[in-house]
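Here is the structure we will look at.
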Amino acid sequence: MAYVFGPVPSRRLGLSLGVDLTPRKTCTYDCLYCQVGRTTQITAEPNPLVPVKEVIHELEQKLRHVTPDFVTISGSGEPTLHSQIDEIIAYVKRRKKFRVAVLTNGSLFWREEVVERVLGADMIMPTCSTVFEETYKAIHRPHPGITLDLLISGLKSLRRAFRGQLFLEVMLLRGFNESEREIVALKSVIEDIGPDRVQLNTVVRPPSDSRALALDRKTLEDIKKCFGAAGEIIAERQRKPRKQRFDTLFAQILEMAKRRPVRAADVVNALGVPLGQVKSLLKTLEEGGSLRSRGHGNDTYYIA
Ligand code: SF4
Numbered sequence: 223m224a225y226v227f228g229p230v231p232s233r234r235l236g237l238s239l240g241v242d243l244t245p246r247k248t249c250t251y252d253c254l255y256c257q258v259g260r261t262t263q264i265t266a267e268p269n270p271l272v273p274v275k276e277v278i279h280e281l282e283q284k285l286r287h288v289t290p291d292f293v294t295i296s297g298s299g300e301p302t303l304h305s306q307i308d309e310i311i312a313y314v315k316r317r318k319k320f321r322v323a324v325l326t327n328g329s330l331f332w333r334e335e336v337v338e339r340v341l342g343a344d345m346i347m348p349t350c351s352t353v354f355e356e357t358y359k360a361i362h363r364p365h366p367g368i369t370l371d372l373l374i375s376g377l378k379s380l381r382r383a384f385r386g387q388l389f390l391e392v393m394l395l396r397g398f399n400e401s402e403r404e405i406v407a408l409k410s411v412i413e414d415i416g417p418d419r420v421q422l423n424t425v426v427r428p429p430s431d432s433r434a435l436a437l438d439r440k441t442l443e444d445i446k447k448c449f450g451a452a453g454e455i456i457a458e459r460q461r462k463p464r465k466q467r468f469d470t471l472f473a474q475i476l477e478m479a480k481r482r483p484v485r486a487a488d489v490v491n492a493l494g495v496p497l498g499q500v501k502s503l504l505k506t507l508e509e510g511g512s513l514r515s516r517g518h519g520n521d522t523y524y525i526a
């Protein structure tokens, strides 16, 4: 399948069936912490990037066999760059009655038509990590046509129009945006935006740039206190393994690893296969050259 992947375990969404609406690394940003790699096509202009008919056909096939907690529109670039994202959301809601989440960097909501296209989703998860232009540019390396002011005004417009759940991600990088000055100013702007939750994240998977370093748990906990009841640290969530029908375990693991680096535990949670067997499958794939492993923090990640 070219556009639908998983289901994969998600820290925020449970079992998530992913829909990738962009060619690899077509994005409005080129974030230091991106787990997919450097942006190859930076743009701020929405287009019909991939054929909607084919995406819907793949969804139809996949949803016959799996029952995800969410159909998540995300992938290997910025999904709101697809000018027909509304048709995908409408299809899932109309035909399958699944919940839809849009995982977005939030950088295009200053465009009215982009807000209108996502209003059918159940949950939108944009990112706002700083309210200082220089920090914004350093972390996200945005398209020249996108500024921090546009990002913030777009998020406010989205909040006014969107009736579903708005979970705002704050991506924290050591040495970039964890200072008191950053957090105090960010908190004030986030209160104006008014998300349902503020989700604190840090660099948990191998980043595209080695300058992107994770915050330690203690610093995350201290920052969380500043955001009160709405703040939470996105923690790894362990799920009970579910049995699903998959074409082959090898193909499923490769499919997961093509989208983002995965750990053995991720595969266990997604495929419902014992850890010992997963380790043996990963070893076979690595020895055969289909996967390579890379250490990050205390974990080993596998990359296709
Ligand atoms: S992290 Fe998301 S927004 Fe940033 S470059 Fe990667 S795909 Fe784009």
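When you line the sequence shown up against the working numbering, it's residues 223 to 526, in that order. From the three backbone atoms N, C-alpha and C, an ideal C-beta is built for every residue, glycine too. Every value quoted in this text rests on a predicted model; they were computed, and no experiment measured them.
Measuring only from the beta carbon, is residue i closer than 7 Å to any heavy atom that is part of the ligand SF4?
| i | result |
| --- | --- |
| Gly228 | no |
| Gly240 | no |
Under a three-way DSSP split, which group does residue i fall into?
| i | result |
| --- | --- |
| Arg459 | Note that Arg459 scores 39 on pLDDT, short of 50, meaning its location in the model is unreliable and no value can be drawn from it. |
| Val272 | coil |
| Cys256 | coil |
| Phe320 | coil |
| His304 | strand |
| Phe389 | strand |
| Ile198 | Because residue 198 is not part of the residues shown, which for the chain are 223 to 526, the question remains open. |
| Phe384 | coil |
| Val426 | coil |
| Leu437 | coil |
| Ser432 | coil |
| Phe468 | In this predicted model, Phe468 has a pLDDT of only 46, less than 50, meaning its place in the structure is not dependable; the value taken from the coordinates is given anyway. In the structure shown, Phe468 sits in coil (DSSP, three-state: anything other than H, G, I, E or B). |
| Gly376 | helix |
| Gly510 | coil |
| Asn399 | coil |
| Ile475 | helix |
| Leu341 | coil |
| Ser410 | helix |
| Gly498 | helix |
| His287 | coil |
| Val353 | coil |
| Leu330 | coil |
| His279 | helix |
| Ile368 | coil |
Using DSSP bridges, identify the partner residues of residue i.
| i | result |
| --- | --- |
| Ser515 | Tyr524 |
| Phe227 | Gly240 |
| Gly450 | DSSP output for Gly450 lists no bridge partner at all. |
| Ile295 | Val241 and Val324 |
| Gln263 | Thr248 |
| Ile346 | Val324 and Leu388 |
| Leu394 | Thr424 |
| Ser232 | Gly236 |
| Val336 | Answer is none; Val336 lacks a bridge partner. |
| Val484 | Tyr524 |
Could you please go through the chain and list the residues whose beta-carbon is closer than 5 Å to any non-hydrogen atom of the ligand SF4?
This criterion selects Cys249, Tyr251, Cys253, Cys256 and Asn327.
Check whether the stretch 321-339 touches the stretch 295-309, taking contact to mean three or more Cβ pairs, one atom from each stretch, closer than 8 Å.
yes
Answer yes if the stretch 428-448 comes into contact with the stretch 393-402, meaning at least three C-beta pairs across the two stretches below 8 Å, and no otherwise.
Of all C-beta pairs linking the stretch 393-402 to the stretch 428-448, three or more are shorter than 8 Å, placing the two stretches in contact.
For the 8 Å Cβ check, are there 3 or more pairs between the stretch 483-491 and the stretch 512-525?
yes
Answer yes if the stretch 234-245 comes into contact with the stretch 354-371, meaning at least three C-beta pairs across the two stretches below 8 Å, and no otherwise.
no
Specify whether the stretch 299-310 and the stretch 333-353 touch according to this definition: at least 3 beta carbon pairs, one from each stretch, less than 8 Å apart.
Cβ pair count under 8 Å is three or more, so yes.
Count the C-beta pairs between the stretch 419-429 and the stretch 441-453 that are closer than 8 Å, then say yes if the count reaches three, no if not.
Yes, the stretch 419-429 is in contact with the stretch 441-453.
Are at least three pairs of beta-carbons, each pair with one atom in the stretch 260-275 and one in the stretch 363-374, less than 8 Å apart?
Yes, since at least three Cβ pairs between the stretch 260-275 and the stretch 363-374 fall closer than 8 Å, the two stretches touch.
Assess, as a yes-or-no matter, whether the stretch 341-349 is touched by the stretch 385-392 under the definition of 3 or more beta carbon pairs within less than 8 Å.
yes
Three CB pairs or more closer than 8 Å across the stretch 250-258 and the stretch 309-317
no
For the pair the stretch 399-410 and the stretch 276-288, tell me if three or more CB-CB distances fall below 8 Å.
no
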